[in-house]
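J.: Numbering (this note's numbering), first residue to last: 16 to 667.
We treat Cβ as the ideally placed atom computed from N, Cα and C, and that holds for glycine.
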């Protein structure tokens with residue numbers, strides 16, 4: 016009778032689980048196409064390292080505890096599989112295996128169950144006393160943890176009762192169950208059969224309930240996280256997809272069917288661990304943006320509106336102010352595109368591309384953007400620089416210097432000065448210092464002068480893809496006509512655009528950031544730097560987001576500083592891939608911060624805690640943000656220098 020009841024219960028539960036998973040995952044198909052199945056060997060390797068190996072999980076706060084639960088569950092999936100099968104066919108059991116193998120499995124299951132139970136208790140205590148973020152104490156979270164704990168307790172109860180009843184011998188391979196058997200033998204000796212039945216059915220009902228609850232909870236990530244890691248971008252997602260401008264096309268995303276299927280799978284894979292919001296500079300300084308809630312809003316919107324639609328139908332908007340299944344415009348404009356959220360996400364959710372897609376819709380389809388950007392877009396379109404300066408002024412910084420012009424076929428490197436390096440008074444000094452370094456090393460380089468055009472990085476991250484497309488085409492055509500193949504940049508934003516974005520326009524450039532270039536010159540013996548600690552003092556280095564996280568350059572600038580000072584670089588609390596943004600990326604350079612604490616003030620304060628003589632940067636945007644931030648701390652005599660200026664101080 017018990018087997019018949021269990022067979023019906025199991026069949027119904029499996030059918031309901033399969034239907035629930037199908038109904039949820041089928042929603043992903045409303046998204047647009049995106050190739051994510053190339054290089055399967057590399058993808059499998061990443062899945063083993065990051066999904067099964069939990070590399071990113073254990074590297075963060077409280078990660079080891081989650082890793083214990085995950086790895087225990089992998090092992091206990093085998094034990095639970097046996098439980099379900101033996102419930103239908105009692106003769107099929109691991110007990111039929113050779114005793115050494117059966118004993119080893121039993122001990123493994125015992126230890127994993129005990130480890131999972133302990134980890135769940137720790138997780139509950141953390142949720143109560145030190146939650147990862149405000150709002151993490153949810154009924155659902157405690158329900159899941161309680162169900163997992165209940166499964167472990169029921170497991171020990173079943174085996175403890177079996178040992179107490181003499182159905183299986185107590186042994187060293189069942190240490191916890193044997194201890195439970197002793198307790199049961201003293202407490203309920205007359206009703207051990209009832210205890211066994213209660214624990215067995217309790218385990219069965221909890222297991223099947225847990226399985227069917229998953230598709231309707233945030234713990235859906237148990238099913239989707241591993242595939243999501245397998246399908247992740249194999250390259251650093253430092254480039255945005257290109258749009259094709261044709262009559263009748265829609266641009267950007269305002270409904271879930273305008274996002275890609277991978278974007279939608281991301282929304283089901285979010286573990287709601289809070290790491291993205293804890294690392295986000297906007298969220299950390301009181302801005303409306305919360306990367307976790309952006310992904311959650313996409314999932315809510317998908318569940319409400321995610322059905323196949325005809326072209327004439329329009330799903331509920333992803334962009335709105337009511338907070339239900341949408342993201343506020345103010346949140347979207349708060350993003351600095353620093354990628355800290357993506358760097359910290361244990362399941363490789365890609366937040367930034369989704370935000371840019373929604374910005375594109377606002378800018379290109381509805382012309383809704385902060386008023387401050389109107390002048391920027393007009394200046395970029397008409398004069399190819401953010402300030403609207405006359406193009407003829409672009410080369411004036413070099414009027415008193417002997418800076419060579421780039422000559423096709425004769426000059427090896429183009430020095431791409433960029434708008435800040437050409438027009439901004441403080442960053443002109445950086446450009447001059449860089450030319451001194453290049454001249455000292457005898458580098459064959461030249462500039463375009465007034466012919467140079469803005470690369471368009473800011474307008475692309477702000478969502479004005481049409482304007483970027485126009486600017487990129489002009490620059491690529493210019494580079495190709497002049498035979499430019501090697502480029503030195505002093506701006507990480509220019510570096511990223513020329514190196515990565517311009518590939519979409521059919522040009523492969525050998526682009527190097529000036530920090531890497533200077534370090535290579537030193538390593539090759541073409542540039543000698545004398546230790547000059549007197550003019551620099553102790554140095555703390557700030558990692559530019561677009562040089563570091565977006566392009567993986569961390570060691571070169573530190574190497575140059577050490578060459579000049581003869582000392583290791585002082586590091587801030589958040590450094591390298593975990594560095595905190597200066598606040599100027601994603602087009603925020605051209606927008607005021609009206610809410611919360613200024614991001615640059617937060618970062619400058621962190622730098623000053625190291626008591627440096629010099630704060631060294633490698634980006635003109637960072638230079639502006641740090642200099643402005645240092646001024647706000649009265650009495651600070653700290654100097655802000657670019658890596659090129661530090662190198663110039665060490666010239667012999």
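Residue 501 lies in the beta strand (DSSP E); which residues open and close that run?
T.: Within the chain shown, numbered from 1, the residue matching residue 501 stands at position 486. Looking at the DSSP string, the run of the beta strand (DSSP E) that includes residue 501 is 501–504.
J.: In chain order, what residues of the same chain lie with their CB nearer than 6 Å to the CB of residue 443, ignoring the 5 residues before and after it?
T.: By one-based count along the chain shown, residue 443 stands at place 428. Excluding positions up to five away in sequence, the list reads 412.
J.: Tell me, which residues are paired with residue 629 by DSSP?
T.: Your numbering for residue 629 matches position 614 in the chain shown. Answer is 554, 654, bridged to residue 629.
J.: Using the DSSP secondary-structure output, state which residues sit across from residue 528 in a beta bridge.
T.: As a working mapping, residue 528 is identified with position 513 in the chain shown. Beta-bridge pairing links residue 528 to 504.
J.: Give the straight-line distance between the Cα atoms of residue 217 and residue 118, rounded to the nearest whole angstrom.
T.: Position 202 of the chain shown, counted from the start, is the residue given in the question as residue 217. Position 103 of the chain shown, counted from the start, is the residue given in the question as residue 118. Rounded to whole angstroms, residue 217 to residue 118 spans 25 Å at the Cα level.
J.: Between residue 266 and residue 568, what straight-line distance do the alpha-carbon atoms span, to the nearest angstrom?
T.: The residue given as residue 266 occupies position 251 in the chain shown. The residue given as residue 568 occupies position 553 in the chain shown. Rounded to the nearest angstrom, the two C-alpha atoms are 33 Å apart.
J.: DSSP three-state label for residue 522, please.
T.: Translated into positions along the chain shown, residue 522 becomes position 507. Residue 522: coil per DSSP, three-state reduction.
J.: Within 10 Å of its beta-carbon, does residue 401 have 16 or more other beta-carbons around it, so buried, or fewer, so exposed?
T.: By one-based count along the chain shown, residue 401 stands at place 386. When all chains shown are included, residue 401 counts as buried.
J.: Among 343, 302, 394, 396, which has the Cα closest to the Cα of residue 383?
T.: Taking the first residue of the chain shown as position 1, residue 383 is located at position 368. Considering only alpha carbons, the answer is 343.
J.: For residue 590, which of helix, strand or coil comes out of DSSP?
T.: In the chain shown, residue 590 corresponds to position 575, counting from 1. In this structure, residue 590 counts as coil in the three-state DSSP scheme.
J.: Find out if the Cβ-Cβ distance for the pair residue 14, residue 560 is shorter than 8 Å.
T.: Because the chain here runs from 16 to 667, residue 14 falls outside it and cannot be looked at.
J.: Between residue 205 and residue 74, what straight-line distance do the alpha-carbon atoms span, to the nearest angstrom?
T.: Against the chain shown, residue 205 aligns to sequence position 190. Against the chain shown, residue 74 aligns to sequence position 59. Straight-line Cα distance between these residues: approximately 50 Å.
J.: So what does residue 461 bridge to, in DSSP terms?
T.: Here residue 461 refers to the residue found at position 446 when the chain shown is read from its first residue. Answer is 429.
J.: For residue 658 and residue 504, what's the separation of their Cα atoms in angstroms?
T.: For the purposes of this step, residue 658 is taken as the residue at position 643 of the chain shown. For the purposes of this step, residue 504 is taken as the residue at position 489 of the chain shown. Whole-angstrom Cα-Cα distance: 12 Å.
J.: Give a yes or no on whether the C-beta atoms belonging to residue 421 and residue 429 are separated by under 8 Å.
T.: Walking along the chain shown from the start, residue 421 turns up at place 406. Walking along the chain shown from the start, residue 429 turns up at place 414. Yes, Cβ-Cβ distance for residue 421 and residue 429 is below 8 Å.
J.: Starting from residue 154, follow the alpha helix (DSSP H) in both directions and report where the run begins and ends.
T.: Taking the chain shown and counting its residues from 1, the one referred to as residue 154 is at position 139. Its alpha helix (DSSP H) spans residues 154–179.
J.: Might you give, ordered along the chain, the residues of its own chain that have their beta carbon closer than 8 Å to the beta carbon of residue 524, omitting 5 neighbours on each side?
T.: Your numbering for residue 524 matches position 509 in the chain shown. Around residue 524: 494, 499, 500, 501, 502, 513, 514, 517.
J.: Taking Cβ to Cβ, would you say residue 312 is nearer than 8 Å to residue 341?
T.: Here the question's residue 312 lines up with position 297 in the chain shown. Here the question's residue 341 lines up with position 326 in the chain shown. Yes, they are a contact pair.
J.: Would the C-beta of residue 433 count as close to the ligand ZN, meaning under 7 Å from any of its heavy atoms?
T.: In terms of ligand content, the structure shown is empty, and the ligand ZN therefore cannot be addressed.
J.: Have a look at residue 155 and residue 139 and give me their C-alpha separation to the nearest angstrom.
T.: For the purposes of this step, residue 155 is taken as residue 140 along the chain shown, with counting starting at 1. For the purposes of this step, residue 139 is taken as residue 124 along the chain shown, with counting starting at 1. Spanning the two alpha carbons is a distance of roughly 12 Å.
J.: Work out the CA separation of residue 594 and residue 316 for me, nearest whole Å.
T.: As a first step, residue 316 is located in the chain shown; it is residue number 301 there, counting from the start. As a first step, residue 594 is located in the chain shown; it is residue number 579 there, counting from the start. Looking at the two C-alpha atoms, the distance is approximately 32 Å.
J.: Roughly how many whole angstroms lie between the Cα atoms of residue 69 and residue 86?
T.: Locating residue 69 in the chain shown gives position 54, counting from the first residue. Locating residue 86 in the chain shown gives position 71, counting from the first residue. In a straight line, the C-alpha of residue 69 is about 9 Å away from that of residue 86.
J.: Take the Cβ of residue 450 as the centre, count every other Cβ of all protein chains shown within 10 Å, and call the residue buried at 16 or more, exposed below.
T.: Indexing the chain shown from 1 puts residue 450 at position 435. Burial call: buried.
J.: Pull up the CB-CB distance for residue 127 and residue 90, whole angstroms please, since I reckon it's below 8 Å.
T.: Along the chain shown, read from residue 1 onward, the residue named residue 127 stands at position 112. Along the chain shown, read from residue 1 onward, the residue named residue 90 stands at position 75. Yes, residue 127 and residue 90 are in contact; Cβ-Cβ is about 4 Å, under 8 Å.
J.: Report the rounded CA-to-CA distance for residue 637 versus residue 584, giving the unit in angstroms.
T.: By 1-based counting over the chain shown, the position of residue 637 is 622. By 1-based counting over the chain shown, the position of residue 584 is 569. Going by the C-alpha atoms only, they are around 18 Å apart.
J.: Does the beta-carbon of residue 84 have 16 or more other beta-carbons within 10 angstroms, so that it is buried, or is it exposed?
T.: As a first step, residue 84 is located in the chain shown; it is residue number 69 there, counting from the start. Flag for residue 84 reads buried.
J.: Out of 135, 105, 57, which has the shortest C-alpha to C-alpha gap to residue 88?
T.: As a working mapping, residue 88 is identified with position 73 in the chain shown. Minimum Cα distance to residue 88 is reached at 135.
J.: Can you name, in chain order, every residue of its own chain whose Cβ lies under 6 Å from the Cβ of residue 640, other than the five neighbours on each side?
T.: Start at 1 with the first residue of the chain shown, and residue 640 comes out as number 625. If we look at residue 640 and ignore the five residues flanking it on each side, its Cβ neighbours are 597, 598, 599, 615.
J.: Round the Cβ separation of residue 575 and residue 533 to the nearest angstrom and send it over; I've been treating them as touching at under 8 Å.
T.: Position 560 of the chain shown holds residue 575. Position 518 of the chain shown holds residue 533. Residue 575 to residue 533, Cβ: 5 Å. Contact.
J.: What is the C-beta distance between residue 334 and residue 377, in whole angstroms, given that I count them as a contact (C-beta under 8 Å)?
T.: As a working mapping, residue 334 is identified with position 319 in the chain shown. As a working mapping, residue 377 is identified with position 362 in the chain shown. So it is a contact: roughly 7 Å between Cβ atoms.
J.: Would you tell me roughly how many angstroms separate the C-alpha atoms of residue 646 and residue 314, rounded to the nearest one?
T.: On the chain shown, position 631 is the one that residue 646 refers to. On the chain shown, position 299 is the one that residue 314 refers to. The alpha-carbon atoms of residue 646 and residue 314 are separated by roughly 43 Å.
J.: Using three-state DSSP, classify residue 509 as helix, strand or coil.
T.: Position 494 of the chain shown, counted from the first residue, corresponds to residue 509. It is helical.
J.: Excluding the 5 residues flanking residue 233 on each side, which residues of the same chain have their C-beta closer than 6 Å to its C-beta?
T.: For the purposes of this step, residue 233 is identified with residue 218 of the chain shown, where counting begins at 1. Cβ neighbours of residue 233 beyond the five flanking positions: 287.
J.: With burial defined as no fewer than 16 other Cβ atoms inside 10 Å of the residue's Cβ, what is the status of residue 231: buried or exposed?
T.: Taking the chain shown and counting its residues from 1, one reaches residue 231 at position 216. So residue 231 counts as exposed.
J.: When the distance is taken between beta carbons, is residue 365 closer than 8 Å to residue 252?
T.: Counting from 1 along the chain shown, the entry for residue 252 is found at position 237. Counting from 1 along the chain shown, the entry for residue 365 is found at position 350. Their beta carbons are under 8 Å apart, which means residue 252 touches residue 365 by this criterion.
J.: Pick from 42, 129, 245: whose alpha carbon is nearest that of residue 56?
T.: Position 41 of the chain shown, counting from 1, holds the residue named residue 56. It is 245.
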